[in-house]
Ligand SMILES: [Zn+2]
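Written out as structure tokens, the structure is:
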């Protein structure tokens with residue numbers, strides 16, 4: 049029937065506001081397996097893993113994709129940072145998020161693509177800033193005014209005066225990818241690398257190489273900034289301090305959003321102090337999670353000026 053696409057579009061329009069009004073649903077610890085999340089299931093025999101952390105979920109459809117977000121909140125300190133793990137296949141980033149929740153409190157949100165734990169959500173529709181219909185949507189390309197339910201479901205958990213910290217582990221960063229430097233998740237200038245030179249990309253600053261685990265160009269912090277502005281003094285102070293802690297830092301200049309959380313925040317929510325930590329994927333999840341932990345520690349200790357509030361005090365752990 050020719051009227052079907054119209055009715056489908058009308059249905060999307062009509063139900064979108066209802067989805068926006070949907071609430072997060074609390075998940076009892078005994079019911080965690082029903083979430084079918086590989087990250088949670090990996091720790092199903094470790095009750096201490098989520099001890100002191102309450103879990104809730106939200107499901108909604110938007111622009112042709114069914115989303116399932118799982119939220120983790122520190123019961124001892126709900127006023128900490130907002131942690132976001134958009135990619136379900138980046139398991140070490142999830143480990144780092146839960147460790148950070150235990151240590152610093154706050155709220156963490158992870159995208160669950162289902163029991164198969166894929167990077168992108170299957171479906172059919174519009175994904176973030178892309179104009180073409182696609183059959184799989186990268187959650188970290190889906191932050192946009194055209195995807196308000198998805199975008200706000202995550203950003204509504206952010207609290208003023210607290211940072212927003214995104215965690216990623218990259219599978220083919222650049223160095224050591226077996227393809228001579230193919231991925232774009234790296235501190236390195238790709239053209240120089242092709243000439244045999246190792247130099248930082250524009251607005252990239254290497255750490256002081258004092259911590260072996262962080263001395264890798266595919267392990268770094270991203271501080272995005274709007275292309276119409278300069279890198280702020282506070283961001284420069286933060287970068288210098290992180291460099292001194294052995295951390296590579298790249299100030300990502302954003303002119304036009306690619307739909308990633310960092311691009312969206314840089315252009316649309318300059319009030320939010322945002323950082324993204326990239327660690328290299330390793331077989332042992334704890335390796336990348338430890339690297340993430342070191343970068344988180346340094347950022348929360350040294351960059352508090354960016355969010356204009358005292359850092360959130362550790363609630364447990366070392
Ligand atoms: Zn990622």
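In my numbering, the protein residues as written are 49 to 366. Just so you know, even glycine gets a beta-carbon here, dropped at the ideal spot from N, CA and C.
Cβ of residue 136 within 9 angstroms of Cβ of residue 86?
-> On the chain shown, residue 136 is found 88 positions in, with the first residue counted as 1. On the chain shown, residue 86 is found 38 positions in, with the first residue counted as 1. Cβ distance < 9 angstroms, so residue 136 and residue 86 count as in contact.
Residue 315 - containing alpha helix (DSSP H), residue span = For this step, residue 315 is matched to residue 267 along the chain shown. 309-316 is the extent of the alpha helix (DSSP H) around residue 315.
Check the DSSP bridge columns for residue 157 and list the partner residues they point to.
-> Sequence index remark: in the chain shown, residue 157 carries index 109 (1-based). Per DSSP, 119, 132.
Could you tell me the distance, in whole angstroms, from the CA atom of residue 67 to the CA atom of residue 262?
-> Stepping through the chain shown from its first residue, residue 67 is reached at position 19. Stepping through the chain shown from its first residue, residue 262 is reached at position 214. At residue 67 the pLDDT is 45, less than 50, meaning the model places this residue with poor confidence; the figure from the coordinates comes in the next sentence. Each residue's alpha carbon lies about 41 angstroms from the other.
Of all the options 143, 268, 194, which has the alpha carbon lying nearest to the alpha carbon of residue 333?
-> The sequence position of residue 333 within the chain shown is 285, counting from 1. Nearest of 143, 268, 194 to residue 333, Cα basis: 143.
Using a Cβ cut-off of 9 angstroms (strictly closer), state whether residue 143 contacts chain D.
-> Among the protein chains of the structure shown there is no chain D, as only one such chain exists.
When DSSP builds the beta bridges, which residues end up paired with residue 165?
-> In the chain shown, residue 165 corresponds to position 117, counting from 1. Note: residue 165 sits in no beta bridge, so no partner.
Reference residue 314; option with closest CA among 200, 275, 325 | Position 266 of the chain shown, counted from the first residue, corresponds to residue 314. Out of 200, 275, 325, 275 has the C-alpha closest to the C-alpha of residue 314.
What are the partner residues of residue 103, as DSSP defines its beta bridges?
-> Locating residue 103 in the chain shown gives position 55, where the first residue counts as 1. Partner(s): 75, 120.
Taking residue 139 as the reference, give the member of 277, 283, 211, 88 with the closest Cα.
-> The residue given as residue 139 occupies position 91 in the chain shown. Ranking 277, 283, 211, 88 by Cα distance to residue 139 puts 88 first.
Residue 134 CB to nearest heavy atom of ligand 1 below 8 angstroms = Your numbering for residue 134 matches position 86 in the chain shown. The answer is yes for residue 134.
Proximity of residue 180 and residue 168 at Cβ, strictly below 9 angstroms | Along the chain shown, read from residue 1 onward, the residue named residue 180 stands at position 132. Along the chain shown, read from residue 1 onward, the residue named residue 168 stands at position 120. No; because the gap between Cβ atoms is not below 9 angstroms, this pair is not in contact.
Within 9 angstroms, strictly: CB atoms of residue 120 and residue 114 = Numbered from 1 along the chain shown, position 72 holds the residue referred to as residue 120. Numbered from 1 along the chain shown, position 66 holds the residue referred to as residue 114. For residue 120 and residue 114, no; Cβs fall outside 9 angstroms.
What is the C-beta distance between residue 350 and residue 289, in whole angstroms, given that I count them as a contact (C-beta under 8 angstroms)?
-> Numbered from 1 along the chain shown, position 302 holds the residue referred to as residue 350. Numbered from 1 along the chain shown, position 241 holds the residue referred to as residue 289. Correct: roughly 4 angstroms between the Cβ atoms.
Does the separation of the CB atoms of residue 176 and residue 190 fall below 9 angstroms?
-> Your numbering for residue 176 matches position 128 in the chain shown. Your numbering for residue 190 matches position 142 in the chain shown. Yes, the Cβ-Cβ distance between residue 176 and residue 190 is below 9 angstroms.
Rounded separation between residue 335 and residue 202 - CA only = Here residue 335 refers to the residue found at position 287 when the chain shown is read from its first residue. Here residue 202 refers to the residue found at position 154 when the chain shown is read from its first residue. In a straight line, the C-alpha of residue 335 is about 27 angstroms away from that of residue 202.
Beta carbon of residue 138: closer than 8 angstroms to some heavy atom of ligand 1?
-> Working through the chain shown from its first residue, we reach residue 138 at position 90. Yes - ligand 1 has a heavy atom lying nearer than 8 angstroms to the Cβ of residue 138.
Residue 310, buried or exposed, once every other Cβ within 10 Å from all chains shown has been counted against 16 | Position 262 of the chain shown, counted from the first residue, corresponds to residue 310. Classification for residue 310: buried.
Counting pairs of beta carbons, one from the segment 236-253 and one from the segment 293-302, are three or more of them closer than 8 angstroms?
-> In the pairwise beta carbon analysis, the segment 236-253 is classified as touching the segment 293-302: at least three pairs are separated by under 8 angstroms.
Is the beta carbon of residue 101 sitting closer than 9 angstroms to the one on residue 123?
-> Here residue 101 is taken as the residue at index 53 of the chain shown, counted from 1. Here residue 123 is taken as the residue at index 75 of the chain shown, counted from 1. A contact, by the Cβ cut-off of 9 angstroms.
Which of the three DSSP states, helix, strand or coil, is assigned to residue 177?
-> For the purposes of this step, residue 177 is taken as the residue at position 129 of the chain shown. If DSSP states are grouped into helix, strand and coil, residue 177 belongs with coil.
Along the alpha helix (DSSP H) that carries residue 91, what are the first and last residues, could you check?
-> As a position in the chain shown, residue 91 is number 43, starting the count at 1. Counting along the chain, residue 91 falls outside any alpha helix (DSSP H), and DSSP gives it neither H nor E.
Going straight from the alpha carbon of residue 238 to that of residue 80, what length do you get?
-> If you number the chain shown from 1, residue 238 lands on position 190. If you number the chain shown from 1, residue 80 lands on position 32. Approximately 43 angstroms, taken between the alpha carbons.
Buried versus exposed call for residue 340 [16 or more other C-beta atoms within 10 Å across all chains shown] | Numbered from its first residue, the chain shown carries residue 340 at position 292. With 16 or more Cβ atoms within 10 Å of its Cβ, residue 340 is classed as buried.
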